[in-house]
Amino acid sequence: MSTEAANKDILRGGQFLVKETNCEDVFTLEDLNEEQRMMRESTKEFVDRELWAHWERFEKKDYAFTEETMRKAGELGLLSVAVPESYGGMGMGFVSTMLVCDYISGATGSFSTAFGAHTGIGTMPITLYGTEEQKQKYVPKLASGEWFGAYCLTEPGAGSDANSGKTKAVLSEDGKFYNITGQKMWISNAGFCNLFIVFARIEDDKNITGFIVENDPSNGITLGDEEKKLGIHSSSTRQVFFNETKVSVENMLSTRGNGFKIAMNALNVGRIKLAAACLDAQRRVIGEATKYANERIQFKTPIINFGAIKSKIAEMATSVYVDESASYRAAKNIEDRIAIREAEGNTHQEAELKGVEEYAIECSILKVAVSEDCQNTTDEGIQIFGGMGFSADTPMESAWRDSRIARIYEGTNEINRMLAVGMLVKKAMKGHVDLLGPATAVGEELMGIPSFDAPDFSELFAEEKDILKRLKKVFLMVAGSAVQKFGPELENHQQLMLAASDILIEVYMAESALLRTEKNAKRFGEEAQATQIAMSRLYLFNATETIIRRGKEAIVSFAEGDEQRMMLMGLKRFTKYTNYPNIVALRTQIADKVSADNGYTFD
Numbered sequence: 001m002s003t004e005a006a007n008k009d010i011l012r013g014g015q016f017l018v019k020e021t022n023c024e025d026v027f028t029l030e031d032l033n034e035e036q037r038m039m040r041e042s043t044k045e046f047v048d049r050e051l052w053a054h055w056e057r058f059e060k061k062d063y064a065f066t067e068e069t070m071r072k073a074g075e076l077g078l079l080s081v082a083v084p085e086s087y088g089g090m091g092m093g094f095v096s097t098m099l100v101c102d103y104i105s106g107a108t109g110s111f112s113t114a115f116g117a118h119t120g121i122g123t124m125p126i127t128l129y130g131t132e133e134q135k136q137k138y139v140p141k142l143a144s145g146e147w148f149g150a151y152c153l154t155e156p157g158a159g160s161d162a163n164s165g166k167t168k169a170v171l172s173e174d175g176k177f178y179n180i181t182g183q184k185m186w187i188s189n190a191g192f193c194n195l196f197i198v199f200a201r202i203e204d205d206k207n208i209t210g211f212i213v214e215n216d217p218s219n220g221i222t223l224g225d226e227e228k229k230l231g232i233h234s235s236s237t238r239q240v241f242f243n244e245t246k247v248s249v250e251n252m253l254s255t256r257g258n259g260f261k262i263a264m265n266a267l268n269v270g271r272i273k274l275a276a277a278c279l280d281a282q283r284r285v286i287g288e289a290t291k292y293a294n295e296r297i298q299f300k301t302p303i304i305n306f307g308a309i310k311s312k313i314a315e316m317a318t319s320v321y322v323d324e325s326a327s328y329r330a331a332k333n334i335e336d337r338i339a340i341r342e343a344e345g346n347t348h349q350e351a352e353l354k355g356v357e358e359y360a361i362e363c364s365i366l367k368v369a370v371s372e373d374c375q376n377t378t379d380e381g382i383q384i385f386g387g388m389g390f391s392a393d394t395p396m397e398s399a400w401r402d403s404r405i406a407r408i409y410e411g412t413n414e415i416n417r418m419l420a421v422g423m424l425v426k427k428a429m430k431g432h433v434d435l436l437g438p439a440t441a442v443g444e445e446l447m448g449i450p451s452f453d454a455p456d457f458s459e460l461f462a463e464e465k466d467i468l469k470r471l472k473k474v475f476l477m478v479a480g481s482a483v484q485k486f487g488p489e490l491e492n493h494q495q496l497m498l499a500a501s502d503i504l505i506e507v508y509m510a511e512s513a514l515l516r517t518e519k520n521a522k523r524f525g526e527e528a529q530a531t532q533i534a535m536s537r538l539y540l541f542n543a544t545e546t547i548i549r550r551g552k553e554a555i556v557s558f559a560e561g562d563e564q565r566m567m568l569m570g571l572k573r574f575t576k577y578t579n580y581p582n583i584v585a586l587r588t589q590i591a592d593k594v595s596a597d598n599g600y601t602f603d
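Each residue of the sequence shown is one higher than the last, beginning at 1 in the UniProt record's numbering.
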């Protein structure tokens, strides 16, 4: 694809809300090339052999086993997928790095956390912000698994407010070293890492600064005990204390005061990778739950035959199908944006930083949506297993415990909800996304007389796409009115932002599933996509119900009188179905397919 064509076809971050996307322009799992399919299979084989077969060891706080399996992953090249070839990596594209992160993360949250902390926030800041000397010195060791990395940002008083850290970096009198003193907490891989990315404040700088610090206990570095955690039991998580730790000035990462930007950009990548890391966990839970439901006999029949179980299986399968659709759609957008920037002369570092930053809104959306779906799926997995699900002898309860952390790290889901809306408003203020024009048009539409023409919904998804357009109008109506009323003070009205964010999230996720299924129905035939069509319709119905509830909550909370009545009428008009789907029939169709396949087979 030429740069000109790519620029024309690829929407900028957040523009999905105001511009139509053709199904041919989205990337799906069905579009994987042969190399990517082979990479997926080899990753699955590694996970089944080395991780899934030994899941109980991860529940016994066997930190040495986590380190051992990480080294094996390094020997297979699985730690180096995102690393450029010039530093000993495989130099694969963003979609391929997502793919490995996805399929390597489903067996246990302990390994998933170690893998993500090392390949993402432990290695990536050096590849994206390091000097050539720093990259040559450290990245090949990290890519091979000879060394492991960790990321020291959080402090007892600095969690979501990451830039408020108290750790100090004081320049030595001879100007050759910084002496770092402070306390970091919740540091993944701390027990076996060789290198820390440490954030500290120089003098009274407004922003923190990043440093590459080798883990040398003789240099004022001590570790706290392993944390006692709800889940991810074999993920080494410790406090790290720095006491006059000497760090060469050459080991400053990027420039003075640029640490907060490094941290935020690392989190953007971390958020979409975290979404990927929640996908295969859902697939495996569905597989185990379906097998159990097919085999468990009660009242002389397999429990899979009961409608209550079918409903759970259908909703679980639908969630992961939608999550896949949205995650790989965004991953390919990022990959294409990186390619465009490289074609325009940007370095790989610059291109990747800007490519991911462009889709920071989508990264936050995915982090929230997929982590919450994963929690719900594991919870329903326990429920299907009944009493056995509550037992530590089955992997369901550990899956539930491991999934809980995903809603907290890489920025809590509450923070990410507000970030998604806040970043969208800022993009609109900068002219990168035209929200004002469409929002004004929606306001004028509310004042007009609605059309009573009977639409033609004969084509696949014609009605669903019409509903989706109107759901976008709900966001524009609610968010546009809120911005008009509160202006820059909107960020102080967090409950309204949370409601608007849920509308935004549901729109992106529902659209992604519809586009994936429409694309595949055109090339494989509607009959071959019958279950995927059912899942897309089921999710859209659920999304619409969520949008009605959150939209009404927002409208009655900030609008009064005629304005409130008009907006509530608009909400009703914009969320109306002409032909409601049969939800029970959709769920039954989906569950019967999953039951027949004895698991999730749509990836």
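We put the beta carbon where it would ideally sit given N, CA and C, even for glycine.
Query raised in the report: Going by alpha carbons, who is nearest to residue 292 out of 280, 310, 111, 226?
Result: It is 310 whose Cα lies nearest to the Cα of residue 292.
Query raised in the report: What separation, rounded to the nearest whole angstrom, lies between the Cα atoms of residue 231 and residue 60?
Result: If you take the alpha carbons of residue 231 and residue 60, they lie about 11 Å apart.
Query - Under the three-state DSSP convention, the category residue 285 falls into - result: In the structure shown, residue 285 sits in a helix (DSSP, three-state: H, G or I).
Query raised in the report: CA-CA distance, residue 317 and residue 39?
Result: Their backbone Cα atoms lie some 24 Å apart in a straight line.
Report task. On a CA-only basis, which of 224, 99, 263, 66 is nearest residue 198? Give me that one, please. Result -> Out of 224, 99, 263, 66, 263 has the C-alpha closest to the C-alpha of residue 198.
Query raised in the report: For residue 529, does the count of other Cβ atoms within 10 angstroms reach 16, so buried, or fall short, so exposed?
Result: Of the other Cβ atoms in all chains shown, 16 or more fall within 10 Å of the Cβ of residue 529; this residue is therefore buried.
Query raised in the report: If you count every other CB in all the chains shown that lies within 10 Å of the CB of residue 596, and 16 or more means buried, which is it?
Result: Counting other Cβ atoms within 10 Å of its Cβ, residue 596 stays below 16 and is therefore classed as exposed.
Query raised in the report: So residue 516 packs on residue 10, CB below 8 Å; how close in whole Å?
Result: That pair is no contact at about 17 Å.
Query raised in the report: What residue from 391, 361, 493, 431 has the CA that sits closest to residue 16's CA?
Result: Of all alpha-carbon atoms in 391, 361, 493, 431, the one lying nearest the alpha-carbon of residue 16 is that of 361.
Report task. Go ahead and label residue 166 buried or exposed: buried means 16 or more other beta carbons lie within 10 angstroms of its beta carbon, across all protein chains shown. Result -> When all chains shown are included, residue 166 counts as exposed.
**Report entry** Own chain partners of residue 71 with C-beta closer than 8 Å, once the 5 adjacent residues on each side are dropped
**Finding:** For residue 71, where only same-chain residues beyond five positions count, the Cβ hits under 8 Å are 145.
**Report entry** Close-in-space but distant-in-sequence residues of the same chain around residue 524 (CB under 7 Å, 5 per side omitted)
**Finding:** Leaving aside the five residues that flank residue 524 on each side, none in its chain has a CB nearer than 7 Å to its CB.
Query raised in the report: Hey, would you say residue 177 sits closer than 8 Å to residue 249, going by beta carbons?
Result: Yes; because the gap between Cβ atoms is below 8 Å, this pair is in contact.
Query raised in the report: So residue 172 packs on residue 329, CB below 8 Å; how close in whole Å?
Result: About 50 Å; that fails the 8 Å criterion.
**Report entry** Distance between residue 335 and residue 101 (C-alpha atoms, nearest Å)
**Finding:** Approximately 15 Å between the Cα atoms of the pair.
Query raised in the report: beta strand (DSSP E) containing residue 17: first to last residue?
Result: Following the DSSP letters along the chain, one finds residue 17 in no beta strand (DSSP E), marked with neither H nor E.
Requested in this report: Could you check the C-alpha separation between residue 259 and residue 239 for me, to the nearest Å?
Outcome: Straight-line Cα distance between these residues: approximately 20 Å.
Query raised in the report: Which word fits residue 325, buried or exposed, when buried means at least 16 other C-beta atoms lie within 10 angstroms of its C-beta?
Result: By the neighbour-count rule (16 or more Cβ atoms within 10 Å), residue 325 is buried.
Requested in this report: Identify, in the order they occur along the chain, each residue of the same chain with its Cβ nearer than 6 Å to the Cβ of residue 63, setting aside the five sequence neighbours on each side.
Outcome: In the same chain as residue 63, and ignoring 5 residues on each side of it, the C-beta atoms closer than 6 Å to its own belong to 191, 234, 236, in chain order.
Query raised in the report: From 95, 49, 196, 57, pick the residue whose C-alpha is nearest to that of residue 35; which is it?
Result: Minimum Cα distance to residue 35 is reached at 95.
Requested in this report: Could you check what DSSP says for residue 6 in three-state terms: helix, strand or coil?
Outcome: Model confidence at residue 6 stands at a pLDDT of 46, short of 50, so the residue's coordinates are unreliable; what they give is reported in the following sentence. Under the three-state reduction of DSSP, residue 6 is assigned to helix.
Report task. Answer with buried or exposed for residue 155, where buried requires no fewer than 16 other C-beta atoms within 10 angstroms of its C-beta. Result -> By the Cβ-count criterion, residue 155 is buried, with 16 or more other Cβ atoms from all chains shown falling within 10 Å of its own Cβ.
Requested in this report: With DSSP collapsed to three states, give me the class of residue 552.
Outcome: The answer is helix: DSSP assigns residue 552 an H, G or I state.
**Report entry** Cβ shell of residue 241 (< 6 Å), same chain only, five flanking positions each side left out
**Finding:** Here the set comprises 183, 222.
Query - Own chain, CB closer than 6 Å to residue 616, minus 5 neighbours either side, in chain order - result: The structure shown does not extend to residue 616, since the chain spans only 1 to 603, so no value can be given for it.
**Report entry** Close Cβ partners of residue 47 (< 7 Å) along its chain, the five nearest in sequence each way excluded
**Finding:** Only residues of its own chain outside the window of five on either side were considered, and among them 103, 104, 106, 107 have a CB closer than 7 Å to the CB of residue 47, listed in chain order.
Query raised in the report: Should residue 395 be labelled buried (16 or more other beta-carbon atoms within 10 Å of its own) or exposed?
Result: Of the other Cβ atoms in all chains shown, 16 or more fall within 10 Å of the Cβ of residue 395; this residue is therefore buried.
Query raised in the report: Whose C-alpha, out of 353, 342, 543, 211, is nearest the C-alpha of residue 270?
Result: Nearest of 353, 342, 543, 211 to residue 270, Cα basis: 353.
**Report entry** Check: residue 384 C-beta below 7 Å from any heavy atom of the ligand ATP
**Finding:** Summarising the ligand content, the structure contains no ligands, and the ligand ATP is consequently not present.
Query raised in the report: How many angstroms separate the CA atom of residue 31 from the CA atom of residue 446?
Result: Each residue's CA atom was taken as its position, placing residue 31 and residue 446 some 41 Å apart.
Query raised in the report: Considering only the beta carbon of each residue, do residue 247 and residue 180 sit closer than 8 Å?
Result: Contact flag set, yes.
Report task. From the DSSP output, in three-state form, read off residue 296 for me. Result -> Three-state DSSP puts residue 296 in coil, outside helix and strand.
Report task. Report yes if the C-beta distance between residue 411 and residue 164 is below 8 Å; otherwise report no. Result -> Cβ distance not < 8 Å, so residue 411 and residue 164 don't count as in contact.
**Report entry** Inter-residue Cα distance where the pair is residue 194 and residue 327
**Finding:** Spanning the two alpha carbons is a distance of roughly 32 Å.
Requested in this report: Could you say if the stretch 499-509 and the stretch 360-379 meet the contact criterion of at least three C-beta pairs nearer than 8 Å?
Outcome: The stretch 499-509, when compared against the stretch 360-379, does touch it at the 8 Å Cβ threshold.
Query raised in the report: For the beta strand (DSSP E) that residue 181 lies in, which residues bound it at each end?
Result: Unbroken beta strand (DSSP E) run through residue 181: 177-188.
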